[in-house]
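The sequence shown begins at 155 in our numbering and counts up one residue at a time.
Quick reminder that beta carbons are idealized off the backbone N, C-alpha and C, glycines included.
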Amino acid sequence: MVYKGLTTEEAQKLQKEYGFNEIKQKETSPFLDFLKRFTGLTAFVIEGAMIISLLIGSYIDAVVMLFLLLLNAILGFSEEFRASKAVEALSKKISVNAHVLRDGVFKEIPAKELVPGDVIKIAMGDIVPADCKIVEGNILVDQSVLTGESIPKECSVNDEIYSGSLITRGSAIASVEKTGAKTYFGKTAELIEKAKPKLIIEEITMSVTRGLLVVDALFIGAVILKFVIQKSPLLDTLPFILTLLIASIPVALPAMTVLALSLGSLQLASVGVLVRKLDGIENSAMMDVLCLDKTGTITENKIRIVDVVVMNPKFTEEDVVEFAYLSSDSVTKDPIDSAVIEFGKDKVKGLYKLVRFRPFDPDKKYSDGEILDKDGNTLNVYKGAPQVILGMSSNIDSSINATVEKFASVGKRSLGVAVKKGNEITFVGLLTFFDYPREDSKKFIQKIKEMGVRPVMITGDNKLIAQSVAKDVGIGENVLSIKELKENERIDIESIDSFAEVIPEDKFNIVDIYQKKGHTVGMTGDGANDAPALKKADLGIAVKDALDIAKQSAKVILTEVCLSNIVNLITVGRQIYRRIILWILNKIVKTFQIVFFVSIATLIMGKPIITPVAMVLMLFLYDFVTMSIATDNVVPSNRPEKWNIKKLLSMSLIFGVLKISELFVAMYLAQKFFKITFSELQTLMFYLLLVSGLFNILNFREERFFFSSLPSKVIIISITGDIIVATLISTFGIFVSKAHFGLLMITLLYAILVTLVFTDIIKLFVYRWFKF
């Protein structure tokens, strides 16, 4: 049947009327987003301290807290706004295409440009881009993402199919009925999912924070008890108690995490890696097993027909090629069909006319076509797995299996070709094909092994082919068939290099087995049969030219044909992980330092060792610098990262005790040798707490001596700026009592010596002991 479709001019007019085939995301008001910065535990605590300061007449303290609250809100909002725009820009690069009839020819266009009246081709693996009505063909449609119904639905001519459904079998031509917001299921027209998942890092940090708050509460209780015994006005001490509470709250974590991940996404986009979900970066750092789909990942997915073998003397090589050609169709996007068509286009003689074609069915393992010969006789031609085609045929020849195995031993796959005349199916011959490994496959496998990631090849090919390819690229020779795995579930898969004879649901199960053994699993793929496993994996990676459903199921999409991009993904993921873990280490140590020291010193002195305003100011200046950790030039680990809370807390406790000791020594020396007033001591402790924390950042970022590598320019500038600001504030008595410049320089020198020399040496032993 001939279809007219629309012209470009008609489509443009209809697009003006109906708009783009997309659902406009609900836009949140930037103003409301900004106002949200004044909610939450941290903001409420600061606001409470402000109100109490006003009630007791400390107006300057209240104004300073308001200023810092506003500044923190502005900086946090601007960073998250910039990060969200970056993610939005990346999302727009991930487009879904449609095969549409325009100006009399079928062409690929972005699905968002479809309009009612368009005629489109859809086939297995496609996501239905709009609400349509089938005008030709039969398909099996999975609507589970829309209706929750797990059983696919058979659809034929005049049946409606809805935007967002998945074609799991067959091919069809359909007319577009509704687009965009007018589709039956509305928002399912938006095929690219935007998600901000709950990150493991955030969950663990918040659990640590809750623990710190409990400890904080114990010390605060002791301080309150001390003030009650001294009969100090409780209202006067509340601002101090509230600001002490702030020290345990990870104020900068959300903005820092989003900034680090978003900058990483932009960095990866520049080298051909699009991140759909930010937790994909996090999981890439922890991935220790990478399941590689052979076709399209390890190999080029550019199948070439190599041999034509006649297995029946009644037929010729030309017959084998033509029958295979007539049971293939380029519309299905099947790589084998494409290879057969490319090979046969100059060889077929046009002796037959194709009447009907049925694409490859994964269950039946063959495709077929109905044809007419020059006399008008109806024939059927078949192309598929040799064993299946042979089983359908009447002329069973045992030598066929031997021939197939011979080709398989050198990595070649075979296609059986048969023809049906009347009721008799005759096996005609074989086509062999080979999918060559990518040029960079061997180097890539070697590199990820060096990074501590174990490659595991997954293929539907038999064991001989799998073993040949896996050995060739350096994965290993220990191959297990899926049948062997099912028959003996006690097999130790830790020693398996490749899985052979795998069908779609097996890929999902293989990923699941590794996950149950405690592995963080990555999975690559490009086809519809890879989608469940891509979604199941901790890190689903859709390779270049993957089908829409594979892209939708993956967390990361490769936009270039280059396996080194997966190495880039792992490297960047580990760098970001390292930045965030360093932020957390600094935060816990700083919390120990502030809460323990300030509480104990306050109990000893009988009054706060640091004023509420100075506390808020110090925390703000410190958090301002810790944001810059998101840009640091950290050295990525040469092994997969693993969360170990016990290790992190143990290290933090050691460093915390060390830093608290340094502060008490400084407090003793200041009072013993410099005879300063208590208000000057408060300023010196404010100054030392800040600069000591800043030097901790330089110290903890490097597992060797701190000077072994340079931090980012942003870190250097922000730390330098912070020290200058703190020095000016303390020298001129802005928000704090005045302190002599000479004393401040002695304090700065003390911080350098104890943090960048003494603590740095201790750090080397701590890092090595804990293998950090």
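Asked	Found
Please state whether the Cβ-Cβ distance between A572 and V558 is less than 7 angstroms.	no
Would you report the Cα separation of K575 and K661, rounded to the nearest angstrom?	38 angstroms
Give me the Cβ distance between I612 and S438, rounded to the nearest whole Å; I'm assuming they're in contact under 8 angstroms.	Not a contact, Cβ separation roughly 19 angstroms.
Would you call the CB atoms of D651 and I636 closer than 7 angstroms?	no
Measure the Cβ-Cβ separation of A685 and A696 and say whether it is below 7 angstroms.	no
How is D914 classed by DSSP in three states: helix, strand or coil?	helix
Please confirm whether F840 and A905 have their CB atoms less than 7 angstroms apart.	no
Drop a sphere of 10 angstroms on the beta-carbon of R733, count the other beta-carbons inside from all chains shown, and report buried for 16 or more, exposed for fewer.	buried
For A131 and L417, which I take to be in contact (beta-carbon distance under 8 angstroms), what is that distance rounded to the nearest angstrom?	For residue 131 there is no data in the structure shown, the boundaries of the chain being 155 and 926.
Tell whether a beta-carbon distance below 7 angstroms holds between F588 and V460.	yes
Can you tell me whether K690 is helix, strand or coil according to DSSP?	helix
Let's test the definition: count the other Cβ atoms within 10 Å of the Cβ of N853 and tell me whether it reaches 16, buried, or not, exposed.	buried
Tell me which residues share the same chain as E471 and place their Cβ nearer than 7 angstroms to its Cβ, disregarding the 5 neighbours each side in the sequence.	V462, V464
Could you check what DSSP says for L345 in three-state terms: helix, strand or coil?	Bear in mind that the predicted position of L345 carries a pLDDT of just 38, short of 50, making it too unreliable to give a figure here.
Determine, using beta-carbon pairs with one atom in the segment 591-605 and one in the segment 448-455, whether at least three such pairs fall under 8 angstroms.	yes
In terms of residues, what are the limits of the beta strand (DSSP E) holding N292?	285-296
Pull up the DSSP beta-bridge partners for G583, would you.	V464, V571
Applying the 10 Å Cβ sphere with the 16-neighbour rule, what's the burial state of Y157?	exposed
Where does the unbroken beta strand (DSSP E) through D488 begin, and where does it stop?	That residue, D488, is in no beta strand (DSSP E); it is neither H nor E in DSSP.
Using the three-state DSSP reduction, which class does V675 fall into: helix, strand or coil?	strand
CB M441 to CB L717, shorter than 7 angstroms?	no
Helix, strand or coil: how does DSSP classify S652 here?	strand
What's the gap between the Cα of G523 and the Cα of K537?	9 angstroms
Select from F231, M772, W797 the residue whose C-alpha is nearest the C-alpha of L186.	F231
Pull up the DSSP beta-bridge partners for S329, would you.	V273, K287
If Q729 sits next to P766, beta carbons under 8 angstroms apart, how far is it from one beta carbon to the other, in whole angstroms?	About 37 angstroms; that fails the 8 angstroms criterion.
Take F394 and list the residues in its own chain whose beta-carbon comes closer than 6 angstroms to its own, dropping the five residues that flank it on each side.	P762, P766
Between the Cα of V429 and the Cα atoms of F778, S862, V726, L835, which residue gives the shortest distance?	V726
D285 and E331 - do their beta-carbons sit closer together than 7 angstroms?	yes
Would you decide whether L775 is buried or exposed? Buried here means 16 or more other CB atoms lie within 10 Å of its CB.	buried
Among A820, I754, N740, S804, which one has its Cα closest to the Cα of S782?	N740
So, helix, strand or coil for F859, using DSSP?	coil
Determine whether the beta carbon atoms of S329 and V273 lie at a separation below 7 angstroms.	yes
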